[in-house]
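>
Number of protein chains: 6
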Amino acid sequence: MPDRSENRSVDSLRPFRLDSNVPGAAAGKVLVSAGRTTILCTASIEDAVPPWLAGRGKGWVTAEYNMLPGSTSPRKQRDRGGKVDGRSSEIQRLIGRSLRGVVNLKALGERTITVDCDVLEADGGTRTASITGGYVALAEAIASLPEFHSGDLPFTDSIAAVSVGIVDGEPLLDLDYSEDVRADVDMNVVMTGSGRFVEVQGSGEEATFDKVQLYAMIDLAERGIAQLSQQQASHLSE
Amino acid sequence: MPDRSENRSVDSLRPFRLDSNVPGAAAGKVLVSAGRTTILCTASIEDAVPPWLAGRGKGWVTAEYNMLPGSTSPRKQRDRGGKVDGRSSEIQRLIGRSLRGVVNLKALGERTITVDCDVLEADGGTRTASITGGYVALAEAIASLPEFHSGDLPFTDSIAAVSVGIVDGEPLLDLDYSEDVRADVDMNVVMTGSGRFVEVQGSGEEATFDKVQLYAMIDLAERGIAQLSQQQASHLSE
Amino acid sequence: MPDRSENRSVDSLRPFRLDSNVPGAAAGKVLVSAGRTTILCTASIEDAVPPWLAGRGKGWVTAEYNMLPGSTSPRKQRDRGGKVDGRSSEIQRLIGRSLRGVVNLKALGERTITVDCDVLEADGGTRTASITGGYVALAEAIASLPEFHSGDLPFTDSIAAVSVGIVDGEPLLDLDYSEDVRADVDMNVVMTGSGRFVEVQGSGEEATFDKVQLYAMIDLAERGIAQLSQQQASHLSE
Amino acid sequence: MPDRSENRSVDSLRPFRLDSNVPGAAAGKVLVSAGRTTILCTASIEDAVPPWLAGRGKGWVTAEYNMLPGSTSPRKQRDRGGKVDGRSSEIQRLIGRSLRGVVNLKALGERTITVDCDVLEADGGTRTASITGGYVALAEAIASLPEFHSGDLPFTDSIAAVSVGIVDGEPLLDLDYSEDVRADVDMNVVMTGSGRFVEVQGSGEEATFDKVQLYAMIDLAERGIAQLSQQQASHLSE
Amino acid sequence: MPDRSENRSVDSLRPFRLDSNVPGAAAGKVLVSAGRTTILCTASIEDAVPPWLAGRGKGWVTAEYNMLPGSTSPRKQRDRGGKVDGRSSEIQRLIGRSLRGVVNLKALGERTITVDCDVLEADGGTRTASITGGYVALAEAIASLPEFHSGDLPFTDSIAAVSVGIVDGEPLLDLDYSEDVRADVDMNVVMTGSGRFVEVQGSGEEATFDKVQLYAMIDLAERGIAQLSQQQASHLSE
Amino acid sequence: MPDRSENRSVDSLRPFRLDSNVPGAAAGKVLVSAGRTTILCTASIEDAVPPWLAGRGKGWVTAEYNMLPGSTSPRKQRDRGGKVDGRSSEIQRLIGRSLRGVVNLKALGERTITVDCDVLEADGGTRTASITGGYVALAEAIASLPEFHSGDLPFTDSIAAVSVGIVDGEPLLDLDYSEDVRADVDMNVVMTGSGRFVEVQGSGEEATFDKVQLYAMIDLAERGIAQLSQQQASHLSE
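Protein chains in written order, with the UniProt record's numbering: chain F, 1 to 238; chain H, 1 to 238; chain R, 1 to 238; chain P, 1 to 238; chain G, 1 to 238; chain E, 1 to 238.
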């Protein structure tokens, strides 16, 4: 069985925190952290939709993901000057898709909400923490709109995500960076608060896995996400 | 139960063909088709590796994915002028990762093989057909190298892929475009010839799915990939 | 006298083929080949014109030229990421200008037809074969428009092109790649089916030529284009 | 006399804070705030210098300035995709030049230290706060290097900056955003801890100013920077 | 005291010339030179304003700054292909801001005037000469508009600029390139014809300066600009 | 017969001038003008060759072509920010190829000479005047190299170019812009001083031409280039 830092068991999450008392001018903002991984999620509202959606009385939710240069050592270079960073692009598509999966876009009206996930420190699981925190920032932004002041927000469900993986043959929940680099299989799971799947993305890293391992990882993810969903609900009800 | 074109049953593949008698100057080349979806896969060998891998006596396999403008109607604009197409970038990362999962990179020596997947007609399932065809082009390219003329190729396994999805509540194998746009859930599965998983990527499209549906899709994919693996083997043994 | 492959005489064309039974979703499509040189020409119709032409009741025809990575050995890198490839740009301007030279743009109405020439294998003469094949794809696309179903297409003439050159002091028709690299002078000629010139582009490659050689090349090109024009007409009448 | 928020006098600074207990993996990091303006400054060390400086036994200090999307309302678009943002470029050149003005680059050896200034909330004075905070992050990063553990850092002086301006005809110290937009003249002053000038940049915004006003602004800046220099020293001595 | 070429005293300008008899199709054009530094300034008028200004009945003045490749030795590479040149961007922002400082934009109506400053030879002081010459080209362009044929131009003042600096401890006016590289402090000053400041930008180059030096530089600049303003007025009155 | 400005006959050149007394720091420089068309040609020498030519003891000559914004009315936008301008790219390839056609690259040693052609005023024929002037700048630059001070320059011949065209059915020499826009056929011819062809590029502009017209244009070009070659020789012998 792999040794985990701070004696975590194979099925325990890292300490998870949500803090909305942070600097910024966006309508919704939250600092989400899972262990050392720390991400500033802000949700900004614009009274317009992309051209291809205009005139249909429907809103749009999109996401951008970015690692700050100081979030890693060695320093992460910025995505400037037109260089395509395939990984960032893939991650922000996942975040946007996941959030749209639980929002009633019609109820938003012709508005775009952009959820920005800027990673302040990266220690594994930044994409899943971005989804979990991004949902909270999005909910806060929507709650700031006049028609939703009553608190009845246009969500069909809540959404959260976690990573699982196989290290030394054993399925583990919520991998930190040191576990992630040793993992044979890395899987990200996105689920709703009511326990339904939105995304399942598992990859063997120069390795393969069988059906038993696949099912074990999915079970771990279900349990982790249930806890995260509770923390989201409790944070938003404050 | 959804009506499928040409009376396909829910668990049957579209007609699948591999044809290596095609124009081109690359070391490996194959035209792969699944129904109307048609992709030219070529594998080109270069006697050098990317800078970050140099001097380690190891090779590299990478992939590029591109849709020709005439592959869709309306016309698909080319990826020129520095515009980032997140979808293409995500797909080519998946293809490259999948192929590397079964190649012994050390046995290649300091060479890069680039597998280009150029879509001539797009009718759903282009990324999975790219993997299935890309493996064949890659195998042909490697077989053209002097040290592998004997036919003992440096693969740990073969690799193939297929899409599955849920349409009108029912799990379906190998979706064409008309099914894909109606699908609530879309899943791509990449497996080896010996039946082990390399990638599982399932997404609800403004929808969610439960564990029973997830397992049913995985079972369908297993059966489809077994057939594709056989066709690959039979094509390569000719 | 230079030896030509397959005993071609100085004034004979390579085997030339047009095949419209090819994959793709475009309104017009043809695979054109001259010897090993093979190009997929597709013509896609859009119901709009570029902004600078809008509101004048006139259509537009434009072309894009691209070599697939597997068309050459070593592999041709893709034109992505904003890098300017001067040669491709020059060629696609030539193709577009040549095709517009024989179309009645007013009769098209406010539509844009984009002729894409994607080179599958490059063995010399790709720009001239793109013009000859592009005309066929364009004609097929226009014939698919309701107002031209009768078959009376809005062309003032047909158009075709061929390369000529001087190798070892001797004028040759339709150079393949091995001849092209040895050529002192390289000339591309574009003519109408009725034998009038549209473009004449001759370049000495670190060499010069005199008027007698210039006239001899023009005579060879006239004869080659007459044959290509006949093959176009016969293909389109099927 | 202009009303200032929270009854600030014309020559008083906004509440200024430095906090090094922040997330991140960089060698030096500090969250600097002046009123609502909040910037995360991180300083990352790389064991190499830019090519044009290589082999001269000298180090380099450079800066990057970036506003996070949620730092303003409406949302600030990211600087991606090759678009030139002249303002960011001008600011980061100023920060880099200012910091290099007080560092002994020879003592650094062949290392590059990049000071990243990421604005979390923008309420005026972001470039001057970036310099003041950037100096602290840089000092922390240098102090982490083995040869400087003794605490004798290779600085010739400390450096800090502040903005001054003329609003309603009156010189003011440390403008917030609401004052900045009303200002006729905007000036940024960078000075060392010992009171010498490094940069003086004053601009009339569709307005001009005379010598008396110029000298009054410079006097205000001197006083403000003296206080900031003290806070830097006290933070670094902890 | 530093030796200056051609026995210039510390407070004398280089020979300054304005010549409007130059090639070009722009509404205003002038070749400005200060010693060897030579810049072609052209001002082109367009009957539209940038989108963000449209519909407000107000005009816009903007500037572009560019060094021709042959203006320096070694050759200056062109700013093509999306590479950001921070220095050019900073300079053209300064030129545009300075010119807008003296124009009545409302009187222009919804027009944009672009002042292009193309450096033919660079020997120090190109940004200040661009402002001084740019004002003349702008005035000529405006004078060509029908509503200003009477000669009553919509300027609140004239504008000119000069560089000053500290070399070997001594303040000098109008530095040439050989002086600029030796300077400890470099300052650009932009003033109106009536002697009011528009921009003051002083930088220590790995050096600092005190208040006495700052004031001495400002005095030198005042005197130089007074002479340049007179030459502008005399040129425009011809 | 078309009326030509200033009573030019169909076979007469516009007034043609070469002036080397111009600002700039390049080794060779000349202002070339043909009527109103005016181009600054500079030739800069660098002691290195492009990577693909390194180590072969051979030099390289390349060209860049650029229109200054003020050269046309309305203003020509600059080629910045990665936008591809196909026309400029095509022209500079032509200039470079033409110049290389007469230089002995081996005699240059491992040096690159870049010939920059910056158009100050554009009134037709800018590409041909760039070649004619570019040759002069190149010759001056080469003459400045120590090993060629004796004056025995490494050219196999001189090179010059002119445009011809068909306007109102009549072949004309050296078209100005007003003739160019009315021309049915536009042809650029590049020839050596000894009367041999280097490039012949004729295009019908939505028009076609026959062999008699083609030969007439070539004869006109021959006569024009003979005069230009004489002016080049006389300028260089001064």
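Backbone N, C-alpha and C define an ideal beta-carbon position, used for all residues, glycine too.
This structure is a prediction, so every number in the text was calculated from the model and none was measured.
Just grab the DSSP bridge partners of residue 155/R for me.
Beta-bridge pairing links residue 155/R to 103/R.
> Which residues in chain H sit within 9 Å of residue 201/F, going by Cβ to Cβ distance?
Chain H residues near residue 201/F: 199, 200, 201, 202, 203.
> Who does residue 60/G pair with in a DSSP beta bridge?
According to DSSP, which records beta bridges pairwise, residue 60/G is partnered with 112/G.
> Counting only Cβ pairs nearer than 8 Å, list the residues of chain F close to residue 89/H.
Neighbours of residue 89/H on chain F, chain order: 84, 86, 89, 90.
> Select from 98/G, 86/G, 122/G, 65/G the residue whose C-alpha is nearest the C-alpha of residue 94/P.
Residue 86/G is the option with its Cα nearest to residue 94/P.
> At the level of alpha carbons, what is the spacing between residue 84/R and residue 186/R?
Summary for residue 84/R: the model assigns pLDDT 45, below 50, so the residue's position carries little reliability; its value from the coordinates is reported in the next sentence. Straight-line Cα distance between these residues: approximately 24 Å.
> At a Cβ threshold of 7 Å, is residue 63/F touching chain P?
No, residue 63/F does not count as interfacial toward chain P.
> Should residue 193/E be flagged as near chain A, meaning a C-beta pair shorter than 7 Å?
The question asks about chain A, but that chain is absent: this structure's protein chains are F, H, R, P, G and E.
> Three Cβ pairs or more, each shorter than 8 Å: is that satisfied between the segment 105–112 of chain E and the segment 153–167 of chain G?
Judged by Cβ distances under 8 Å, the segment 105–112 of chain E makes no contact with the segment 153–167 of chain G, as fewer than three pairs qualify.
> Please classify residue 57/R: is it buried, with 16 or more other beta-carbons within 10 angstroms of its beta-carbon, or exposed?
The residue is exposed, with fewer than 16 neighbouring Cβ atoms inside 10 Å.
> Do the segment 180–198 of chain R and the segment 123–132 of chain R touch if we need at least three Cβ pairs shorter than 8 Å?
Flag = yes, the segment 180–198 of chain R and the segment 123–132 of chain R touch.
> Answer yes or no: do residue 141/E and residue 27/E have a C-beta to C-beta separation smaller than 7 Å?
Yes, they are a contact pair.
> Against residue 101/G, what residues of chain P qualify as contacts under a CB-to-CB distance less than 9 Å, listed in chain order?
The answer, in chain order, is 203, 204, 205, 206, 207, 208.
> Starting from residue 252/G, follow the alpha helix (DSSP H) in both directions and report where the run begins and ends.
Here chain G has residues from 1 to 238 only, and residue 252/G is not among them.
> Who are the neighbours of residue 53/E on chain R, taking C-beta pairs under 8 Å?
Correct list: empty, because the minimum Cβ distance to chain R is about 14 Å.
> Looking only at C-alpha atoms, which of 46/E, 153/E, 207/E sits nearest to residue 183/E?
When each option's Cα is compared against that of residue 183/E, the closest is 207/E.
> Does residue 196/P have its Cβ less than 7 Å from a Cβ in chain G?
So, interface residue.
> Look up residue 137/R in the DSSP assignment and say whether it is helix, strand or coil.
Helix at residue 137/R.
> Taking contact to mean 3 or more Cβ pairs, one atom from each stretch, closer than 8 Å, check whether the segment 166–180 of chain R and the segment 47–63 of chain R are in contact.
The segment 166–180 of chain R vs the segment 47–63 of chain R: no contact.
> Nearest-angstrom Cα distance between residue 68/R and residue 137/E?
Whole-angstrom Cα-Cα distance: 40 Å.
> Comparing the C-beta of residue 4/F with each C-beta of chain H, is any distance below 7 Å?
No, no contact with chain H.
> When you compare the CB positions of residue 16/R and residue 43/R, do they come within less than 7 Å of one another, or not?
No, Cβ-Cβ distance for residue 16/R and residue 43/R is not below 7 Å.
> Check whether the Cβ atoms of residue 90/E and residue 90/R sit closer than 7 Å, and answer yes or no.
The answer is yes: Cβ separation under 7 Å.
> Taking residue 97/G as the reference, which of 204/G, 213/G, 131/G has the closest Cα?
For the residues 204/G, 213/G, 131/G, the minimum Cα distance to residue 97/G belongs to 131/G.
> Look at the alpha carbon of residue 77/H and the alpha carbon of residue 148/R, and state the distance between them as a whole number of angstroms.
Rounded to whole angstroms, residue 77/H to residue 148/R spans 26 Å at the Cα level.
> Report the neighbours of residue 121/P on chain F: residues whose CB is nearer than 8 Å to its CB, in chain order.
The contacting residues are 23, 24, 25.
> One question on the structure: do residue 32/R and residue 195/R come within less than 7 Å of each other, judged by their Cβ atoms?
No, the Cβ-Cβ distance between residue 32/R and residue 195/R is not below 7 Å.
> For my contact list, residue 220/P and residue 11/P are in at a C-beta cut-off of 8 Å; report their separation, rounded to the angstrom.
With 8 Å as the limit, residue 220/P and residue 11/P qualify as a contact, their Cβ atoms being about 6 Å apart.
> Give the straight-line distance between the Cα atoms of residue 135/G and residue 75/E, rounded to the nearest whole angstrom.
Approximately 18 Å between the Cα atoms of the pair.
> Expressed to the nearest angstrom, what Euclidean distance is found between the alpha-carbon atoms of residue 41/F and residue 103/G?
About 44 Å.
> Taking residue 271/G as the reference, give the member of 49/P, 122/P, 88/P, 200/P with the closest Cα.
Outside the displayed span of chain G (1 to 238) sits residue 271/G, for which this structure offers no information.
> From residue 21/G to residue 223/E, what does the alpha carbon distance come to, in whole angstroms?
Straight-line Cα distance between these residues: approximately 33 Å.
> Along the chain, where does the beta strand (DSSP E) that runs through residue 238/F open and close?
Run containing residue 238/F: none; DSSP gives neither H nor E here.
> Under 9 Å Cβ-Cβ, which residues of chain P neighbour residue 69/F?
Simply 26, 42, 44, 64, 66, 114, 116, 118.
> Please report the Cβ distance between residue 161/G and residue 225/G, rounded to the nearest whole angstrom; I am assuming they are in contact, meaning their Cβ atoms lie under 8 Å.
Correct: roughly 7 Å between the Cβ atoms.
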